[in-house]
Each structure stands twice: as structure tokens, then as C-alpha cells.
Amino acid sequence: MLELKNPVKHKIYDIAAQERDQQRPTIIIKLDRSATLLQIAADFNFVPSRSVTVRTIQRNIIDMGLRSRRSTLVLLLTARYKALRFAWARQHQHWTADDWKHVAWSEESRFQLNRADRRLRVWRQLHESMDPTCQQGIVLAGGGSVMVWGVCSWRDMGSLIRLDKTYR
32 MLELKNPVKH KIYDIAAQER DQQRPTIIIK LDRSATLLQI AADFNFVPSR
82 SVTVRTIQRN IIDMGLRSRR STLVLLLTAR YKALRFAWAR QHQHWTADDW
132 KHVAWSEESR FQLNRADRRL RVWRQLHESM DPTCQQGIVL AGGGSVMVWG
182 VCSWRDMGSL IRLDKTYR
């Protein structure tokens, strides 16, 4: 005897499969933010389902609000330095604007002149720039650089001074 399929049940299954297929690129991207479109398509099509083109995946990724952007460069901090920064922030969290008016801020910075562009592209939404999975660690080192030092306070800004060597 011929068994008839329930059209409502079959339609619900198709809708669930479509939703699952739309969520899969997000999961693939969250696992590897630097994956290329070809890698995402290969991972997507690896699981038995409908075969999808790279262009279709790209359109879905864009519809989800993701764009291929450069990763945010951040200094690599050890656990010790992270703990010290957190402790300092907790000590000063209740300071008022008047308290901060009596502080002078100084900074020593190195500007690299001959640096290759090592920026990595990642898939992220606009507000995810500080998400650790969207960042690329850097180490401030290398040749062809200029070291400068400056100071500023609430009332005044000091001159920018070029340093011949690092002072600590």
C-alpha cells in the first residue's frame, strides 16, 4: 500500500532545515574568524545537506550583518599585567572629575616607519572590534622606528619630544 506523506510535517521540516542552514555559517565563523569564504563554503558543504555556492554563503553572511574587516591590533599582555591594570582600575573607579584634574598623563610611543601590513581580515559585526576572537596580537619591536614621549594634564598639553633611546 502507498503511504502518503504529511505535507504540513514535510513543510515544517524544510523550514527547520532552512533555519539550521542559515545558522551554520555563523557557527563556522565563530569557530574561525579568519576563515575565507572558500573555507566557510567547504565547511558548510561538508555536512550532508544542500550544496550551496560561495556567493550564496557570502550573501547570507552579509545579511547577518557580518563583514570582512581588519582585525583590531592590541598589545599582548601577560596575566600579571592584566591583573595589575585591573587592580589599578578598581582603586580609581570612584574618582571624580576633580580628582582626575590633578593627574598628569605621560606616554612613550614607538612609531614604526618600515612595517609590512600584517593585518588579518576577520568576519565580524561593527560592534565586535574588541572581541578577542576578532583581534590580532602585536609586539612593538622592529627597525625603522621613531620613539616619542609626551605629557598632558587637565589644563595643559606638553611638547612631543623625540627620544634617541628608551627611558624607563
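Note that my numbering numbers the sequence shown so that position 14 is 45, with each residue one more than the last. From the three backbone atoms N, C-alpha and C, an ideal C-beta is built for every residue, glycine too. Bear in mind the structure is a predicted one, so any value in this text is a computation, not a measurement.
For residue i and residue j, I'd like the C-alpha separation in whole angstroms.
{"i": "Gly168", "j": "Trp185", "result": "32 Å"}
{"i": "Lys200", "j": "Gln54", "result": "Summary: the structure shown does not reach residue 200, with the chain confined to residues 32 through 199, and so no result is reported for it."}
{"i": "Val153", "j": "Val105", "result": "15 Å"}
{"i": "Leu191", "j": "Gln89", "result": "46 Å"}
{"i": "Trp126", "j": "Arg86", "result": "53 Å"}
{"i": "Asp63", "j": "Tyr112", "result": "27 Å"}
{"i": "Ser176", "j": "Leu108", "result": "22 Å"}
{"i": "Gln122", "j": "Asp187", "result": "25 Å"}
{"i": "Trp119", "j": "Ala110", "result": "14 Å"}
{"i": "Gln70", "j": "Thr84", "result": "12 Å"}
{"i": "Gln124", "j": "Pro163", "result": "24 Å"}
{"i": "Arg101", "j": "Leu115", "result": "29 Å"}
Can you list, in chain order, the residues of its chain with a C-beta nearer than 6 Å to that of residue i? Leave out the 5 residues immediately preceding and following it.
{"i": "Arg193", "result": "Val179"}
{"i": "Ser65", "result": "Leu151 and Val153"}
{"i": "Ser137", "result": "Val182"}
{"i": "Lys132", "result": "Trp185"}
Got a sec? Which residues, its chain only, sit under 8 Å from residue i by beta carbon, not counting five neighbours each side?
{"i": "Val134", "result": "Ser184 and Trp185"}
{"i": "Thr103", "result": "Ser160, Met161, Cys165, Gln166 and Gln167"}
{"i": "Asp129", "result": "none"}
{"i": "Ala72", "result": "Val83, Thr84, Val85 and Ile88"}
If you measure between the beta carbons of residue i and residue j, is that distance less than 9 Å?
{"i": "Thr57", "j": "Met95", "result": "yes"}
{"i": "Asn91", "j": "Ser82", "result": "no"}
{"i": "Asp74", "j": "Ile59", "result": "yes"}
Tell me, please, which residues DSSP counts as bridged to residue i.
{"i": "Val83", "result": "Partner(s): none; Val83 has no beta bridge."}
{"i": "Trp154", "result": "Ser99"}
{"i": "Trp136", "result": "Cys183"}
{"i": "Ile192", "result": "Trp180"}
{"i": "Gln167", "result": "Leu104"}
By Cβ distance, which residues of its chain are closer than 7 Å to residue i, with the 5 residues on each side in sequence left out?
{"i": "Gln156", "result": "Gly96 and Leu97"}
{"i": "Gly189", "result": "Gly181, Val182 and Cys183"}
{"i": "Ser140", "result": "Val179"}
{"i": "Gln99", "result": "Here residue 99 turns out to be Ser, not Gln, going by the sequence shown. If we look at Ser99 and ignore the five residues flanking it on each side, its Cβ neighbours are Arg152 and Trp154."}
Completely contained beta strand (DSSP E) runs for the stretch 98 to 131, where each covers 3 or more residues: 98 to 101 and 103 to 106
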